[in-house]
Amino acid sequence: MKSLTYLVLAALIVISCKTKTTSETSDTDAESLTLKEALQDKFLIGTALNIRQIQGYNPEEMEVVKGNFNSIVAENCMKSERLVPTQGNYDFSAADKFVAFGEEHDMVIHGHTLIWHSQTPRWFFKDSLGNEVTREELLSRMQNHINTVMTRYKGRIKTWDVVNEAVLDDGSLRKSKFYEIVGADFIKKAFEFAHQADPEAELYYNDYSTSVPEKREGIVKLVKSLQEQGVKIHGVGMQGHIGLDYPEIEEFEKSIVAFSDLGVKVSVTEFDITVLPSPWNNQGAEVSANFEYKKEMNPYADKLPDSVNTAFNARCLDFFKLFLKHEDKLDKITLWGVNDGNSWRNGWPIAGRTDYPLLFDRDNKPKEVVEAIIQAAKE
Numbered sequence: 001m002k003s004l005t006y007l008v009l010a011a012l013i014v015i016s017c018k019t020k021t022t023s024e025t026s027d028t029d030a031e032s033l034t035l036k037e038a039l040q041d042k043f044l045i046g047t048a049l050n051i052r053q054i055q056g057y058n059p060e061e062m063e064v065v066k067g068n069f070n071s072i073v074a075e076n077c078m079k080s081e082r083l084v085p086t087q088g089n090y091d092f093s094a095a096d097k098f099v100a101f102g103e104e105h106d107m108v109i110h111g112h113t114l115i116w117h118s119q120t121p122r123w124f125f126k127d128s129l130g131n132e133v134t135r136e137e138l139l140s141r142m143q144n145h146i147n148t149v150m151t152r153y154k155g156r157i158k159t160w161d162v163v164n165e166a167v168l169d170d171g172s173l174r175k176s177k178f179y180e181i182v183g184a185d186f187i188k189k190a191f192e193f194a195h196q197a198d199p200e201a202e203l204y205y206n207d208y209s210t211s212v213p214e215k216r217e218g219i220v221k222l223v224k225s226l227q228e229q230g231v232k233i234h235g236v237g238m239q240g241h242i243g244l245d246y247p248e249i250e251e252f253e254k255s256i257v258a259f260s261d262l263g264v265k266v267s268v269t270e271f272d273i274t275v276l277p278s279p280w281n282n283q284g285a286e287v288s289a290n291f292e293y294k295k296e297m298n299p300y301a302d303k304l305p306d307s308v309n310t311a312f313n314a315r316c317l318d319f320f321k322l323f324l325k326h327e328d329k330l331d332k333i334t335l336w337g338v339n340d341g342n343s344w345r346n347g348w349p350i351a352g353r354t355d356y357p358l359l360f361d362r363d364n365k366p367k368e369v370v371e372a373i374i375q376a377a378k379e
């Protein structure tokens with residue numbers, strides 16, 4: 001009888017040990033997952049790279065990229081003012097390194113951006129005498145630029161932002177130089193030129209403040225118009241430049257659904273969360289806006305208070321839970337920067353501030369919310 005009791009006790013101990021070991025292993029596996037591993041069956045997780053990173057000056061930041069992201073986009077080096085600052089003189093040195101890095105590490109490479117009213121060199125709209133070019137000449141320059149860039153990376157860059165930020169918050173088209181000289185059909189022409197340059201590439205329209213109802217409807221109207229004309233458009237990019245209290249997450253969700261209902265892919269293309277006060281009520285990302293520095297507009301120059309850090313983590317997790325809810329509609333989520341220190345938010349719309357908008361801190365350490373996102377993905 002005593003022997004039987006010992007056998008039962010031994011068996012219970014073995015079972016208990018096995019159960020504990022399995023549980024501990026499960027917890028360890030969850031903690032060891034990186035962002036890209038946790039999200040691999042959901043959507044791509046990407047980040048934007050700046051010139052210094054591409055040129056190899058910040059190797060520790062590139063380790064974060066290699067470990068956590070499976071998609072990359074160039075923050076600035078593929079914009080026309082960087083690629084071709086003077087007419088006919090292309091400089092692909094940084095862009096080539098950017099693409100090579102993505103290929104070396106088996107990442108999906110996103111091209112940003114072909115046609116944009118901002119960061120376009122002045123010569124693009126002027127003739128040799130300084131006069132405004134004709135519609136025909138600007139269309140020719142657009143086609144030449146799109147063809148030159150896309151054919152260089154044909155088969156290597158699979159997705160492109162063809163037109164960037166052409167719709168205003170009220171839903172109307174921006175009266176940019178492209179619009180003024182060519183007309184509203186500059187958007188149609190840009191997509192046609194892009195499809196001709198690389199018929200296999202996925203072509204996106206990209207914009208900010210897409211959760212504003214009027215702007216959402218304007219973009220839906222634009223995409224429908226292109227589709228009705230037989231123009232190839234494969235996706236809509238939603239820039240995720242948000243704050244702690246804007247936009248309403250419900251409105252952001254409505255836009256994901258509305259764009260997906262068009263039968264195109266949807267990507268969140270430039271995700272970050274500013275914790276700093278805004279100098280104006282606009283929730284957009286108009287890069288030309290700037291304001292004078294004032295100390296009260298830079299409240300966390302030395303350290304982020306625990307209460308604000310908690311609010312950031314909660315806000316970020318809420319959005320990633322939204323993304324996971326709609327994983328069937330979303331192709332990729334891209335952070336606009338690698339760590340807090342190199343985010344554009346530190347200099348816009350007020351230069352010289354200290355912001356904390358990304359998933360990795362200035363020491364390249366993951367914030368608490370990263371583990372929470374990984375756990376949410378597992379659930």
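Mapping of the sequence shown onto full-length UniProt numbering: position 50 corresponds to residue 50, and the numbering continues sequentially without gaps. Backbone N, C-alpha and C fix where the C-beta goes; we use that ideal spot for every residue, glycine too. What you are looking at is a predicted structure, and each value in this text was computed from that prediction instead of being measured.
State the Cα-Cα distance for the pair residue i and residue j, rounded to the nearest angstrom.
{"i": "T28", "j": "D272", "result": "Its pLDDT being 44, under 50, T28 is placed unreliably in this model, and the value from its coordinates should be taken loosely. Their Cα atoms are separated by approximately 29 Å."}
{"i": "T159", "j": "H195", "result": "11 Å"}
{"i": "W336", "j": "L138", "result": "31 Å"}
{"i": "H110", "j": "I72", "result": "6 Å"}
{"i": "M150", "j": "K295", "result": "45 Å"}
{"i": "Q375", "j": "E200", "result": "36 Å"}
{"i": "N58", "j": "K79", "result": "22 Å"}
{"i": "D161", "j": "A190", "result": "11 Å"}
{"i": "F92", "j": "F101", "result": "14 Å"}
{"i": "E251", "j": "V99", "result": "35 Å"}
{"i": "P277", "j": "E379", "result": "34 Å"}
{"i": "T25", "j": "V64", "result": "Low confidence applies here, because T25 scores a pLDDT of 38, under 50, leaving its location unreliable; read the following figure in that light. For T25 and V64, the distance between alpha carbons rounds to 25 Å."}
{"i": "F360", "j": "P366", "result": "4 Å"}
{"i": "A351", "j": "Y293", "result": "7 Å"}
{"i": "H326", "j": "K215", "result": "21 Å"}
According to DSSP, is residue i helix, strand or coil?
{"i": "H117", "result": "coil"}
{"i": "T21", "result": "Per-residue confidence for T21 stands at a pLDDT of 40, beneath the threshold of 50, marking its modelled position as unreliable; no derived number is given."}
{"i": "W123", "result": "helix"}
{"i": "K365", "result": "coil"}
{"i": "E136", "result": "helix"}
{"i": "E250", "result": "helix"}
{"i": "M107", "result": "coil"}
{"i": "T148", "result": "helix"}
{"i": "E75", "result": "coil"}
{"i": "A38", "result": "helix"}
{"i": "F92", "result": "coil"}
{"i": "F43", "result": "coil"}
{"i": "L83", "result": "helix"}
{"i": "V167", "result": "strand"}
{"i": "F291", "result": "coil"}
{"i": "A351", "result": "coil"}
State yes or no: is the C-beta of residue i within less than 9 Å of the C-beta of residue j?
{"i": "G171", "j": "K221", "result": "yes"}
{"i": "Q55", "j": "K97", "result": "yes"}
{"i": "D207", "j": "M238", "result": "yes"}
{"i": "K42", "j": "L324", "result": "yes"}
{"i": "P349", "j": "W280", "result": "yes"}
{"i": "I219", "j": "V167", "result": "yes"}
{"i": "E180", "j": "S118", "result": "no"}
{"i": "Y356", "j": "L322", "result": "no"}
{"i": "S209", "j": "D169", "result": "yes"}
{"i": "T334", "j": "E270", "result": "yes"}
Kindly list the residues whose CB is nearer than 6 Å to the CB of residue i, restricted to its own chain and excluding five residues on each side of it in sequence; keep chain order.
{"i": "P85", "result": "P121"}
{"i": "F178", "result": "F186"}
{"i": "K2", "result": "With a pLDDT of 43 at K2, under the threshold of 50, the modelled position of this residue cannot be trusted; read the value that follows with caution. Excluding sequence neighbours, K2 sits near nothing in its chain."}
{"i": "I146", "result": "L114, F193, A194, A197"}
{"i": "F259", "result": "V236, V266"}
Within a Cβ cutoff of 7 Å, which residues of the same chain sit near residue i, ignoring the five residues on either side of it in sequence?
{"i": "I51", "result": "N76, C77, A94"}
{"i": "K188", "result": "L226, Q229, V231"}
{"i": "Y90", "result": "L83, V84, T148"}
{"i": "D318", "result": "I249"}
{"i": "K154", "result": "D198"}
Just to confirm my understanding: we take residue i, look at its own chain, exclude 5 residues before and 5 after, and list those with CB closer than 8 Å. What are they?
{"i": "N70", "result": "K36, Q40, L44, I45, G46, D106, M107, V108"}
{"i": "G235", "result": "T159, E202, L203, Y204, Y205, V264, K265, V266, S267, D331"}
{"i": "E61", "result": "Q53, V338, N339, N342, N364"}
Is residue i near the ligand FMN, going by C-beta to nearest heavy atom under 8 Å?
{"i": "F92", "result": "For the ligand FMN, the structure offers nothing, since it holds no ligand at all."}
Along the beta strand (DSSP E) that carries residue i, what are the first and last residues, could you check?
{"i": "D161", "result": "159 to 164"}
{"i": "M238", "result": "235 to 238"}
{"i": "F271", "result": "265 to 274"}
{"i": "E202", "result": "202 to 207"}
{"i": "I333", "result": "330 to 335"}
{"i": "I242", "result": "241 to 243"}
Output yes if chain D places a C-beta closer than 9 Å to the C-beta of residue i; else output no.
{"i": "E63", "result": "No chain D is part of this structure, which consists of one protein chain only."}
In the DSSP assignment, find the alpha helix (DSSP H) that holds residue i and state where it starts and stops.
{"i": "V308", "result": "306 to 325"}
{"i": "I187", "result": "186 to 197"}
{"i": "N68", "result": "59 to 68"}
{"i": "I54", "result": "51 to 54"}
{"i": "G218", "result": "213 to 228"}
{"i": "F178", "result": "177 to 182"}
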